[in-house]
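**Q**
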Amino acid sequence: MVNIKPLDPDFHIEQQLGIEAGPVVLINLFTVDPVDQDALVEAWASDAQWMKKQPGYISTQLHKAIGDGSMYLNYAVWDSVADFRTAFANPEFQQHLSHYPSSAVTSPHLFEKIAVPNCCTA
Numbered sequence: 001m002v003n004i005k006p007l008d009p010d011f012h013i014e015q016q017l018g019i020e021a022g023p024v025v026l027i028n029l030f031t032v033d034p035v036d037q038d039a040l041v042e043a044w045a046s047d048a049q050w051m052k053k054q055p056g057y058i059s060t061q062l063h064k065a066i067g068d069g070s071m072y073l074n075y076a077v078w079d080s081v082a083d084f085r086t087a088f089a090n091p092e093f094q095q096h097l098s099h100y101p102s103s104a105v106t107s108p109h110l111f112e113k114i115a116v117p118n119c120c121t122a
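Residues 1 to 122 in full-length UniProt numbering are what the sequence shown lists, from first letter to last.
1. Tell me, please, which residues DSSP counts as bridged to Ala76.
2. Assuming Gln106 is part of the beta strand (DSSP E), what are its boundary residues?
3. Could you tell me the distance, in whole angstroms, from the CA atom of Gly67 to the CA atom of Tyr75?
4. Work out the CA separation of Phe30 and Leu7 for me, nearest whole Å.
5. Touch check for the region 93-110 and the region 21-40: three-plus C-beta pairs under 8 Å?
6. Am I right that Val116 and Ser80 are in contact with their C-beta atoms under 8 Å? What's the rounded C-beta distance?
7. Helix, strand or coil for Met51, going by three-state DSSP, please let me know.
8. Here's the rule: buried if 16 or more other CB atoms are within 10 angstroms of the residue's CB, otherwise exposed. What is Ile114?
9. Would you call Met51 buried or exposed, if buried means 16 or more other Cβ atoms sit within 10 Å of its Cβ?
10. What are the residues that DSSP puts in a beta bridge with Thr31?
11. Per DSSP, what kind of secondary structure is Pro4 in: helix, strand or coil?
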């Protein structure tokens with residue numbers, strides 16, 4: 001079972017799930033014991049295949065830290081917090097969390113794009 005550790009201790013993912021916004025980006029950092037890296041990727045791939053079928057899902061990409069570290073970053077785009085909340089709270093998805101190695105720690109957080117003049121658009 002994956003252990004959840006807030007990325008922002010002052011504003012947990014559970015609090016974010018109550019906000020209506022969209023589109024949103026889920027940033028999810030994973031750490032895992034080096035021996036469990038393959039198991040983490042397998043569990044994540046299974047979750048990703050399930051999430052791809054959910055309403056509001058747009059895309060996802062898993063990244064691995066370069067070098068010998070065992071940190072991973074998942075970047076997933078959703079139409080809205082409501083769509084992500086529905087998928088995340090689904091009992092079938094919650095059951096998937098038991099497939100992660102016991103050394104896995106995840107830190108999920110939702111973000112939305114902002115406009116910064118002369119740099120990026122919202």
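Glycine included, C-beta positions come from ideal geometry on N, C-alpha and C.
**A** Based on what the coordinates show:
1. The sequence position of residue 76 within the sequence shown is 76, counting from 1. Answer by DSSP bridge pairing, in chain order: Leu26, Thr60.
2. The count along the sequence shown starts at 1 and reaches residue 106 at position 106. Here the sequence assigns Thr to residue 106, which means Gln is not the residue at that position. 105-111 is the span of the beta strand (DSSP E), which, as asked, contains Thr106.
3. Counting from 1 along the sequence shown, the entry for residue 67 is found at position 67. Counting from 1 along the sequence shown, the entry for residue 75 is found at position 75. CA-CA distance, Gly67 to Tyr75, rounds to 20 Å.
4. As a working note, residue 7 is residue 7 in the sequence shown. As a working note, residue 30 is residue 30 in the sequence shown. Roughly 11 Å between the two C-alpha positions.
5. Yes, the region 93-110 is in contact with the region 21-40.
6. Reading the sequence shown from its first residue, position 116 is the one you call residue 116. Reading the sequence shown from its first residue, position 80 is the one you call residue 80. Not quite, the Cβ-Cβ distance comes to about 23 Å (not below 8 Å), so this is no contact.
7. Here residue 51 refers to the residue found at position 51 of the sequence shown. Helix, per DSSP.
8. Locating residue 114 in the sequence shown gives position 114, counting from the first residue. Counting of Cβ neighbours within 10 angstroms places Ile114 among the exposed residues, the total staying below 16.
9. Taking the sequence shown and counting its residues from 1, one reaches residue 51 at position 51. Sixteen is the threshold: when 16 or more other Cβ atoms of the shown chains lie within 10 Å of the Cβ of Met51, as they do, the residue is buried.
10. Counted from its first residue, the sequence shown places residue 31 at position 31. In the DSSP output, where bridge partners are listed per residue, Thr31 has Met71, Val105.
11. In the sequence shown, residue 4 corresponds to position 4, counting from 1. Before going on, a small fix: residue 4 reads as Ile here, not Pro. Strand, per DSSP.
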